[in-house]
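Visitor:
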Amino acid sequence: MPAGEGEPLVVAGREALRRPGKLDTGAEQKVYQAGPSVLDYLPWAEYLDHEQCLLLDDGVSVGAVYAISPVATEGRTLDRLMQIRDTVEDALQDSFDEHDENPWVVQFFCQDEDNVDAYLAGLETYIKPHARDTAFTRDWLAVTARHLRGIARPEGLFTDTLITGQPWRGQQRRTRMVIYRYVGDHNRDPMPPVAMLNQVGERVTSALGGPALSACARTERRSTTGCCACSTLPRSGWIKPPCTGRRATLTAGRPRRERCQ
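Note that numbering that gives the first Met the number 0 has the sequence shown beginning at 0, numbered continuously upward.
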């Protein structure tokens, strides 16, 4: 008998599942049966690069995703907080036309991201052209990247045992707004779905800008597909996040694999 034959297979510290060798049709269906998922409730079908919008599951209607950066509220007076609230309320009420059938839908998604790549990319935009490729800049970016990836570990730097009981770690709160509207069976809209979406999007971003939000920008394919993947894909507890060495991203309509740091 060759060496190792007959010994249990161990992958990532876990022994492989032993099967009795009797698998009927009913048991096979249970093996491949998928549990309930949030994807069952999302109407998004695919991303349209040219229009920069999401195609819905009916193949006609469209929607858009906007990245929101809230204004700071720490230490603000009650009057200031009420002003921000009223501005957001008025923007949502006045930017969308009312329809008895197939009204506009506005959804907000909030999540904490431990991926620091986007933040590091933002840091590079602050670098002046004359200092972009200097030895000091390269070393500073490398040290900063190592520091941020260190504090973004799932276990964190330490555990706060006094107040939260949770690991102290680096992460970013991301807020995104999704707007869409279904086209009815007897559509009498004066403009195509994409044109109506663009018009409404310009209204709401203009109304939310300034005192209510520091930024409200429409996202492109990479950001949209990335946030959808992080929000909906399950994460296995025995695989090191964010992946096992590679992750798949979508760029210009073609899948591309990137090696994780």
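The beta carbon of each residue, even a glycine, is placed where N, CA and C say it ideally should be.
(1) Leaving out the 5 sequence neighbours to the left and right, which residues in its chain are closer than 8 Å to TYR118 when beta-carbon positions are compared?
(2) Once you ignore the five residues that flank PRO192 on each side, which residues in its own chain have a CB closer than 7 Å to its CB?
(3) Suppose contacts are defined by Cβ-Cβ distances below 9 Å. Is ASP111 in contact with ARG173 by that definition?
(4) Would the beta-carbon of TYR40 fall within 9 Å of that of VAL104?
(5) Which runs of the beta strand (DSSP E) fall wholly inside the stretch 125-177 and span at least 3 residues, in chain order?
(6) Whole angstroms is fine: what's the gap from GLY169's alpha carbon to PHE157's?
(7) Can the beta-carbon of PHE95 be found less than 9 Å from the beta-carbon of ARG175?
(8) Distance, Cα to Cα, GLY34 vs MET190?
(9) Please state the DSSP three-state secondary structure of ARG18.
(10) Since GLY62 is in the beta strand (DSSP E), which residue starts that stretch and which ends it?
(11) Kindly indicate the opening and closing residues of the beta strand (DSSP E) around ASP96.
(12) Using a Cβ-Cβ cut-off of 7 Å (strictly less than) and excluding sequence neighbours within five positions of THR136, which residues of its own chain qualify?
(13) Are ALA206 and ASP93 close, meaning C-beta to C-beta below 9 Å?
(14) Would you say VAL64 and ARG202 are within 9 Å of each other, going by their C-beta atoms?
(15) Taking the alpha carbon of GLU73 as the point to measure from, which residue in ILE83, ASP99 and TYR31 has its own alpha carbon closest?
(16) Measure the C-alpha to C-alpha separation of GLY236 and VAL9 and round it to an integer number of angstroms.
(17) Thinking just about the alpha-carbon of each residue, which of TYR46, GLU50 and PRO42 is nearest to the one in ASP56?
(18) Which residue or residues does DSSP assign as beta-bridge partners of ARG180?
(19) What separation, rounded to the nearest whole angstrom, lies between the Cα atoms of LYS239 and SER68?
(20) DSSP on VAL37, reduced to helix/strand/coil?
(21) Quick one: is ASN186 buried, meaning 16 or more other Cβ sit within 10 Å of its Cβ, or exposed?
(22) Using the rule of at least 16 other Cβ atoms within 10 Å of the residue's Cβ for burial, across every protein chain shown, is VAL177 buried or exposed?
(23) Just confirm the distance between the C-beta atoms of LEU122 and THR143, as a whole number of angstroms; I'd bet it's less than 8 Å.
(24) What does the alpha-carbon distance come out to for the pair THR124 and LEU140?
(25) With a threshold of 16 other CB atoms inside 10 Å of the CB of ALA90, please say whether the residue is buried or exposed.
(26) Quick one, which of ALA151, GLY200, GLN106 and ALA66 has its alpha-carbon nearest ASP116's?
(27) Report the three-state DSSP secondary structure of VAL9 (helix, strand or coil).
Guide: With the given structure in hand:
(1) Taking the sequence shown and counting its residues from 1, one reaches residue 118 at position 119. Leaving aside the five residues that flank TYR118 on each side, the residues in its chain whose CB is nearer than 8 Å to its CB run, in chain order, LEU147 and GLN171.
(2) Within the sequence shown, numbered from 1, the residue matching residue 192 stands at position 193. Excluding sequence neighbours, PRO192 sits near VAL59, SER60, VAL61 and VAL182.
(3) Sequence index remark: in the sequence shown, residue 111 carries index 112 (1-based). Sequence index remark: in the sequence shown, residue 173 carries index 174 (1-based). Yes, these two residues count as a Cβ contact at 9 Å.
(4) Position 41 of the sequence shown, counted from the first residue, corresponds to residue 40. Position 105 of the sequence shown, counted from the first residue, corresponds to residue 104. VAL104 is positioned such that its CB atom lies no closer than 9 Å to that of TYR40.
(5) No beta strand (DSSP E) of 3 residues or more sits fully in the stretch 125-177.
(6) The residue you call residue 169 lines up with position 170 of the sequence shown. The residue you call residue 157 lines up with position 158 of the sequence shown. If you draw a straight line from the Cα of GLY169 to the Cα of PHE157, it comes to about 11 Å.
(7) Residue numbering aside, residue 95 sits at position 96 when the sequence shown is read from its first letter. Residue numbering aside, residue 175 sits at position 176 when the sequence shown is read from its first letter. Contact: no.
(8) As a position in the sequence shown, residue 34 is number 35, starting the count at 1. As a position in the sequence shown, residue 190 is number 191, starting the count at 1. Their backbone Cα atoms lie some 40 Å apart in a straight line.
(9) Taking the first residue of the sequence shown as position 1, residue 18 is located at position 19. Of the three classes helix, strand and coil, the one that applies to ARG18 here is coil, per DSSP.
(10) What you label residue 62 is simply residue 63 of the sequence shown in a count that begins at 1. Where GLY62 is concerned, the enclosing beta strand (DSSP E) stretches over 61-69.
(11) On the sequence shown, position 97 is the one that residue 96 refers to. Judged by DSSP secondary structure, ASP96 falls outside any beta strand (DSSP E); it is assigned neither H nor E.
(12) Within the sequence shown, the letter at position 137 stands for residue 136. The beta carbon of THR136 sits closer than 7 Å to those of ILE126 and ALA130, all from its chain and outside the five residues before and after it, given in chain order.
(13) Position 207 of the sequence shown, counted from the start, is the residue given in the question as residue 206. Position 94 of the sequence shown, counted from the start, is the residue given in the question as residue 93. Yes, the Cβ-Cβ distance between ALA206 and ASP93 is below 9 Å.
(14) For this step, residue 64 is matched to residue 65 along the sequence shown. For this step, residue 202 is matched to residue 203 along the sequence shown. Cβ distance not < 9 Å, so VAL64 and ARG202 don't count as in contact.
(15) By one-based count along the sequence shown, residue 73 stands at place 74. GLU73 has its Cα closest to that of ILE83, out of ILE83, ASP99 and TYR31.
(16) Sequence index remark: in the sequence shown, residue 236 carries index 237 (1-based). Sequence index remark: in the sequence shown, residue 9 carries index 10 (1-based). Only weak support is given to the placement of GLY236: the predicted model assigns it a pLDDT of 48, under 50, and the value that follows is read from those uncertain coordinates. If I take the Cα positions, the gap works out to 16 Å.
(17) Taking the first residue of the sequence shown as 1, we reach residue 56 at position 57. Residue nearest to ASP56 within the set TYR46, GLU50 and PRO42 is PRO42 (criterion: CA-CA distance).
(18) Taking the sequence shown and counting its residues from 1, one reaches residue 180 at position 181. In the DSSP output, where bridge partners are listed per residue, ARG180 has VAL61.
(19) If you number the sequence shown from 1, residue 239 lands on position 240. If you number the sequence shown from 1, residue 68 lands on position 69. Caution applies to LYS239, whose pLDDT of 48 falls short of 50 and renders its modelled position unreliable; the value that the coordinates give is listed next. Using only the alpha carbons, I get a separation of about 29 Å.
(20) Residue mapping note: residue 37 aligns to position 38 of the sequence shown, counting from 1. Judged by DSSP in its simplified three-state form, VAL37 adopts helix.
(21) Locating residue 186 in the sequence shown gives position 187, counting from the first residue. Classification of ASN186: exposed, given that the 10 Å Cβ count is below 16.
(22) Locating residue 177 in the sequence shown gives position 178, where the first residue counts as 1. By the neighbour-count rule (16 or more Cβ atoms within 10 Å), VAL177 is buried.
(23) Counted from its first residue, the sequence shown places residue 122 at position 123. Counted from its first residue, the sequence shown places residue 143 at position 144. Indeed, because the Cβ distance is near 7 Å, the residues count as touching under 8 Å.
(24) Residue 124 sits at position 125 when you count from the first residue of the sequence shown. Residue 140 sits at position 141 when you count from the first residue of the sequence shown. THR124 and LEU140 have their C-alpha atoms roughly 12 Å apart.
(25) Working through the sequence shown from its first residue, we reach residue 90 at position 91. By the neighbour-count rule (16 or more Cβ atoms within 10 Å), ALA90 is buried.
(26) Walking along the sequence shown from the start, residue 116 turns up at place 117. Measuring from the Cα of ASP116, the nearest candidate turns out to be ALA151.
(27) Within the sequence shown, residue 9 is the residue found at index 10, counting from 1. It is a strand residue.
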